[in-house]
Amino acid sequence: RIGVVISSFVHFTDASASADQALDRFAMRKYYDDKVSALMTPSQKRYVWILNSLLSGSMKINASPLFLHCVILHGLP
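Structure representation (structure tokens):
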């Protein structure tokens, strides 16, 4: 879970306003690559990519709600 938070923060703070912020971002990226990335599950990585898509504008949030009204199971799973 910490990997999702760190990765999301790195994506969210992509715009570095100063050299110090750029160095901080690099340090976070190195920590992520060395310590966290190998421990993340595929679904956690997917959440990070979804956030990245939302922040970059390549994915839009659907404003209209979706409702699941019925589930039909045929046979035992």
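Here the sequence shown is numbered in this note's numbering, starting from 1251 and rising by one per residue. All residues carry an ideal CB built from backbone N, CA and C; glycine is no exception.
Local Cβ density within 10 Å of residue i, reported as buried at 16 or more and exposed below that
i	result
methionine 1290	buried
valine 1255	exposed
Rounded separation between residue i and residue j - CA only
i	j	result
alanine 1277	isoleucine 1322	50 Å
glutamine 1294	arginine 1279	17 Å
serine 1287	tyrosine 1281	9 Å
proline 1292	aspartate 1283	15 Å
arginine 1275	lysine 1285	15 Å
serine 1306	serine 1314	21 Å
Contact under 9 Å by Cβ, residue i with residue j
i	j	result
serine 1258	leucine 1301	yes
isoleucine 1311	leucine 1304	yes
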